[in-house]
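Colleague: Line order of the protein sequences matches chains A and B.
Its first residue numbered 0, the first sequence is counted upward by one per residue in numbering that gives the first Met the number 0.
Its first residue numbered 0, the second sequence is counted upward by one per residue in numbering that gives the first Met the number 0.
Don't be surprised by glycine CBs; every beta carbon is placed ideally from N, CA and C.
These figures come from a predicted structure and were not determined experimentally.
Protein chains: 2
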Amino acid sequence: MNPSQTQVPDDNQEHAVVLLSGGLDSATVLAMAQAQGLVCHPLAVDYGQRHRSELEAAQRVAAAAGTELKVLQLDLRAIGGSALTDDIDVPEQAGAGIPVTYVPARNTVMLSLALGYAEVLDAGVIAIGVNAVDYSGYPDCRPEFIEAFEATANLATRAAVEGRRLQVLTPLIHLSKAEIIRAGTGLGVDYALTVSCYQADEDGRACGRCDSCRIRRAGFDAAGVADPTRYRAGASPTG
Amino acid sequence: MNPSQTQVPDDNQEHAVVLLSGGLDSATVLAMAQAQGLVCHPLAVDYGQRHRSELEAAQRVAAAAGTELKVLQLDLRAIGGSALTDDIDVPEQAGAGIPVTYVPARNTVMLSLALGYAEVLDAGVIAIGVNAVDYSGYPDCRPEFIEAFEATANLATRAAVEGRRLQVLTPLIHLSKAEIIRAGTGLGVDYALTVSCYQADEDGRACGRCDSCRIRRAGFDAAGVADPTRYRAGASPTG
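1. At what residues does the beta strand (DSSP E) containing Asp-45 of chain A begin and finish?
2. Along the chain, where does the alpha helix (DSSP H) containing Ala-152 of chain A start, and where does it finish?
3. Take Pro-170 of chain B as the anchor and find which of B:Gln-35, B:Thr-151, B:Gly-123 has the nearest alpha-carbon.
4. Any chance the region 194-211 of chain A sits against the region 63-81 of chain A, with 3 or more Cβ pairs inside 8 Å?
5. Rank B:Ala-205, B:Asp-226, B:Ala-131, B:Glu-149 by C-alpha distance to the C-alpha of Met-109 of chain B and give the top, closest one.
6. If you run the structure through DSSP and keep just helix, strand and coil, what is Gln-198 of chain B?
7. Hey, out of A:Leu-29, A:Ala-104, A:Ala-26, whose CA is closest to Asp-121 of chain B's CA?
8. Below 9 Å on C-beta distance, what does Gln-72 of chain A contact in chain B?
9. Mind listing the chain A neighbours of Pro-227 of chain B? Cutoff is C-beta to C-beta under 9 Å, in chain order.
10. May I ask you to report which of helix, strand or coil DSSP gives Gln-33 of chain A?
11. Roughly how many angstroms lie between the CA atoms of Leu-18 of chain A and Leu-174 of chain B, to the nearest whole one?
12. Does any residue of chain B bring its CB to less than 7 Å from the CB of Ile-97 of chain A?
13. Find the residues of chain B that neighbour Gly-115 of chain A, judging by a C-beta separation of less than 9 Å, and give them in chain order.
14. Any residues in the region 154-168 of chain B with a beta carbon nearer than 7 Å to a beta carbon of chain A? Which ones, in chain order?
15. By the three-class DSSP mapping on this structure, what secondary structure does Tyr-116 of chain A have?
16. Taking any Cβ of chain A, which residues in the region 19-30 of chain B have a Cβ under 7 Å from it, in chain order?
17. Along the alpha helix (DSSP H) that carries Val-60 of chain A, what are the first and last residues, could you check?
18. Under 7 Å between C-beta atoms, does Pro-170 of chain B make it to chain A?
19. Could you tell me the alpha carbon to alpha carbon distance between Ile-145 of chain B and Thr-66 of chain B, rounded to whole angstroms?
20. Note down, in chain order, every chain B residue with its Cβ under 8 Å from the Cβ of Thr-242 of chain A.
21. From this set, B:Gln-33, B:Leu-114, B:Thr-27, which residue's C-alpha is nearest Leu-57 of chain B's C-alpha?
22. By the 10 Å Cβ neighbour count, where 16 or more other Cβ atoms means buried, how is Gln-198 of chain B classified, buried or exposed?
23. For Val-251 of chain A, decide whether its Cβ has a neighbour in chain B, counting only Cβ atoms nearer than 7 Å.
24. Under 7 Å between beta-carbons, which chain B residues line up against Leu-240 of chain A? List them in chain order, please.
25. So if DSSP puts Tyr-230 of chain A in a beta bridge, which residue, or which two residues, is it bridged to?
26. Output the boundary residues of the alpha helix (DSSP H) element that contains Ala-126 of chain A.
27. Determine the chain B residues that contact Asp-210 of chain A at a beta-carbon separation under 9 Å, and present them in chain order.
28. What number of angstroms, rounded off, separates the C-alpha of Ile-125 of chain B from the C-alpha of Ala-117 of chain B?
29. Let me know the secondary structure DSSP gives Ile-97 of chain B once reduced to three states.
30. Work out the CA separation of Val-38 of chain A and Glu-53 of chain B for me, nearest whole Å.
31. If I measure Cβ to Cβ from Tyr-230 of chain A and keep anything under 7 Å in the same chain, skipping five residues before and after, which residues do I get?
32. Go ahead and pull the three-state DSSP assignment for Val-224 of chain A.
33. Looking at C-alpha atoms only, which residue of B:Met-31, B:Thr-184, B:Glu-13, B:Arg-51 is the closest neighbour of Gly-21 of chain B?
34. With distance defined between alpha-carbon atoms, name the residue in B:Glu-13, B:His-40, B:Ala-159, B:Gly-218 nearest to Val-132 of chain B.
35. How would you list, in chain order, the residues of chain A whose beta-carbon sits under 8 Å from the beta-carbon of Pro-138 of chain B?
Put into structure tokens, the structure is as follows:
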């Protein structure tokens with residue numbers, strides 16, 4: 000695979016835009032899409048995350064897969080509404096309902112940007128690591144949301160007008176965290192490159208205590224795979 | 000109306016996010032939404048337009064309506080694909096099919112960002128100035144696209160999960176440019192504040208020759224309304 004492949008395809012291979020966050024799930028999606036024979040174009044959105052370490056992880060994951068990451072800047076802090084982009088404290092334990100770490104219309108925005116990039120590349124696939132099992136109450140991780148977005152995308156673009164279908168791939172949607180980790184491990188994903196922690200330090204080391212760290216740690220335990228996560232000194236993981 | 004109203008509403012009035020570009024159409028939508036009694040929150044997206052004059056026009060239009068403009072930064076130039084954000088020359092005459100001034104997935108992206116802002120504000124309406132009559136071949140200006148996006152939005156958000164419907168208003172969708180201008184003039188819109196030209200100068204003065212200028216000029220002629228557009232010296236409008 001050509002790492003600098005970012006032009007409109009002139010071959011017979013199907014091309015895919017893969018939304019990459021730097022976390023465990025999207026790194027697995029990238030490996031799965033490549034294993035399907037898709038030529039992958041990872042896309043990360045810098046929406047004012049608290050930590051640059053997420054984007055640095057996305058860069059590492061893209062490079063390890065022999066792909067080139069595109070980063071779009073979008074400052075969602077201008078409209079506020081989430082602990083991930085505002086100055087609200089990140090909670091250490093999940094409560095009932097939708098968590099305060101919810102980013103308004105996040106997946107709608109991410110998929111829309113991926114759609115724009117797919118249109119420029121003439122790619123027929125968008126892949127996203129949404130998960131309806133460990134989804135923590137985010138409404139835009141449900142299958143019915145993805146189906147509705149796909150229908151919208153197929154009315155939105157030049158490709159749609161010309162009769163070319165766009166498909167939204169969600170290979171993780173019905174998998175548990177342990178199943179995701181086992182699948183990725185089988186495909187050679189190096190999870191030490193990824194960062195899931197909501198409050199990772201500047202070097203990408205995890206706190207071991209936030210919701211995201213707990214779910215990740217429990218996933219490695221359930222999968223029977225050694226946890227390669229780099230934790231901060233003194234941060235004992237509690238899976 | 001309170002010009003600084005940007006908080007979550009605690010009154011009984013319905014709130015609306017209004018996408019504002021600085022052009023004639025969206026200025027009319029803002030006036031129509033206010034005339035309906037909606038508390039309006041204009042949103043502009045700075046997606047790497049060639050000219051700051053568009054955003055300055057949006058600021059003027061928002062201020063004239065007693066509202067406060069929110070501007071989101073999104074650099075779509077990173078993914079390319081349009082004469083409006085790339086270094087492709089803007090054509091002076093419309094050809095067949097979709098024009099090169101098409102911005103990939105533009106309205107999907109704009110509506111998604113409006114959806115995020117609507118969620119933060121707890122607004123139940125998004126208003127956008129799409130038009131299926133003078134739409135120049137943009138697929139994401141068609142009624143079926145808007146309906147699909149609205150269905151997606153109603154699956155995407157916290158409000159949707161809680162059973163609160165979101166409505167996408169498109170009051171211009173079946174109007175001719177002349178009908179839009181007559182409606183806006185009746186509502187007191189000052190079109191001298193707006194900029195439609197694809198290649199306006201730094202002061203927002205129009206070229207009089209690009210597709211957008213021609214359609215606008217012809218609209219004022221057909222409406223029987225004096226054209227208040229500020230043209231560049233030596234740029235004789237050809238409507």
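Modeller: With the structure as the only source:
1. Within the first sequence, numbered from 1, the residue matching residue 45 of chain A stands at position 46. Asp-45 of chain A: member of the beta strand (DSSP E) spanning 38-45, first to last residue.
2. As a working note, residue 152 of chain A is residue 153 in the first sequence. Ala-152 of chain A -> alpha helix (DSSP H) spans 142-155.
3. Locating residue 170 of chain B in the second sequence gives position 171, where the first residue counts as 1. Looking at the Cα atoms, B:Gln-35 is the closest of the given residues.
4. With the rule of 3 Cβ pairs closer than 8 Å, the region 194-211 of chain A does not count as touching the region 63-81 of chain A.
5. What you label residue 109 of chain B is simply residue 110 of the second sequence in a count that begins at 1. Of the listed residues, the one whose Cα sits closest to Met-109 of chain B is B:Glu-149.
6. Along the second sequence, read from residue 1 onward, the residue named residue 198 of chain B stands at position 199. Residue state, collapsed to three classes: coil.
7. Residue mapping note: residue 121 of chain B aligns to position 122 of the second sequence, counting from 1. Of the listed residues, the one whose Cα sits closest to Asp-121 of chain B is A:Ala-104.
8. Counted from its first residue, the first sequence places residue 72 of chain A at position 73. In chain order: Gln-72, Leu-73, Asp-74, Ala-77.
9. Within the second sequence, residue 227 of chain B is the residue found at index 228, counting from 1. One finds nothing in chain A with a Cβ atom closer than 9 Å to the Cβ of Pro-227 of chain B; even the nearest lies about 31 Å away.
10. Indexing the first sequence from 1 puts residue 33 of chain A at position 34. Gln-33 of chain A falls in the helix class under three-state DSSP.
11. To locate residue 18 of chain A, count along the first sequence from 1; it is residue 19. To locate residue 174 of chain B, count along the second sequence from 1; it is residue 175. Linking Leu-18 of chain A to Leu-174 of chain B through their CA atoms gives a straight-line distance of about 38 Å.
12. As a position in the first sequence, residue 97 of chain A is number 98, starting the count at 1. Below a pLDDT of 50, predicted positions are generally treated as unreliable, and Ile-97 of chain A, at 47, falls in that range; the measurement from the model is reported next regardless. Under the Cβ criterion of 7 Å, Ile-97 of chain A is counted among the residues facing chain B.
13. Along the first sequence, one-based indexing puts residue 115 of chain A at 116. Below the 9 Å Cβ cutoff, chain B contributes Leu-75, Ile-78, Gly-80, Val-102, Pro-103, Ala-104, Arg-105, Thr-107, Val-108 as neighbours of Gly-115 of chain A, in chain order.
14. Against chain A - using a Cβ distance shorter than 7 Å - the residues of the region 154-168 of chain B are Leu-154, Ala-155, Thr-156, Arg-157, Ala-159, Val-160.
15. Looking up residue 116 of chain A in the first sequence gives position 117. In the structure shown, Tyr-116 of chain A sits in a helix (DSSP, three-state: H, G or I).
16. Correct list: empty, as no residue qualifies.
17. For the purposes of this step, residue 60 of chain A is taken as residue 61 along the first sequence, with counting starting at 1. Here the alpha helix (DSSP H) through Val-60 of chain A covers 51-63.
18. For the purposes of this step, residue 170 of chain B is taken as residue 171 along the second sequence, with counting starting at 1. No, no contact with chain A.
19. In the second sequence, the residue the question calls residue 145 of chain B occupies position 146. In the second sequence, the residue the question calls residue 66 of chain B occupies position 67. Each residue's CA atom was taken as its position, placing Ile-145 of chain B and Thr-66 of chain B some 25 Å apart.
20. Look at the range of chain A in this structure, 0 to 238, and you will see that residue 242 of chain A is not part of it.
21. What you label residue 57 of chain B is simply residue 58 of the second sequence in a count that begins at 1. Checking the displayed sequence, the identity of residue 57 of chain B turns out to be Ala instead of Leu. Ranking B:Gln-33, B:Leu-114, B:Thr-27 by CA distance to the CA of Ala-57 of chain B puts B:Thr-27 first.
22. Taking the second sequence and counting its residues from 1, one reaches residue 198 of chain B at position 199. If you draw a 10 Å sphere on the C-beta of Gln-198 of chain B, you find 16 or more other C-beta atoms in it, and that means buried.
23. Not covered by the structure: residue 251 of chain A. The range shown for chain A is 0 to 238.
24. With chain A covering only 0 through 238, there is no way to say anything about residue 240 of chain A.
25. Counted from its first residue, the first sequence places residue 230 of chain A at position 231. Its beta-bridge partners are A:Ala-205.
26. Here residue 126 of chain A refers to the residue found at position 127 of the first sequence. According to the DSSP assignment, Ala-126 of chain A belongs to no alpha helix (DSSP H) but to the beta strand (DSSP E) extending over 124-126.
27. By 1-based counting over the first sequence, the position of residue 210 of chain A is 211. By Cβ distance, chain B contributes nothing, its closest Cβ being about 17 Å from Asp-210 of chain A, past 9 Å.
28. If you number the second sequence from 1, residue 125 of chain B lands on position 126. If you number the second sequence from 1, residue 117 of chain B lands on position 118. Their backbone Cα atoms lie some 7 Å apart in a straight line.
29. Locating residue 97 of chain B in the second sequence gives position 98, where the first residue counts as 1. Because Ile-97 of chain B sits at a pLDDT of 47, beneath the cut-off of 50, its placement in the model cannot be relied upon, and the following sentence gives the value as read from the coordinates. In the three-state scheme derived from DSSP, where H, G and I count as helix and E and B as strand, Ile-97 of chain B is classed as coil.
30. Position 54 of the second sequence, counted from the start, is the residue given in the question as residue 53 of chain B. Position 39 of the first sequence, counted from the start, is the residue given in the question as residue 38 of chain A. In this structure, the straight-line span from the alpha carbon of Glu-53 of chain B to that of Val-38 of chain A is close to 38 Å.
31. Position 231 of the first sequence, counted from the start, is the residue given in the question as residue 230 of chain A. A distance below 7 Å between beta-carbons, with the five flanking residues on each side excluded, links Tyr-230 of chain A to the following residues of its chain, in chain order: Arg-204, Ala-205, Gly-207, Pro-236.
32. Taking the first residue of the first sequence as position 1, residue 224 of chain A is located at position 225. In the three-state DSSP reduction, Val-224 of chain A falls in the coil class, being neither helix nor strand.
33. Sequence index remark: in the second sequence, residue 21 of chain B carries index 22 (1-based). When each option's Cα is compared against that of Gly-21 of chain B, the closest is B:Arg-51.
34. Residue 132 of chain B sits at position 133 when you count from the first residue of the second sequence. Distance from the Cα of Val-132 of chain B is smallest, within the candidate group B:Glu-13, B:His-40, B:Ala-159, B:Gly-218, for B:Gly-218.
35. Counted from its first residue, the second sequence places residue 138 of chain B at position 139. Those within 8 Å of Pro-138 of chain B in chain A are Leu-154, Ala-155, Thr-156, Arg-157, Ala-159, Val-160.
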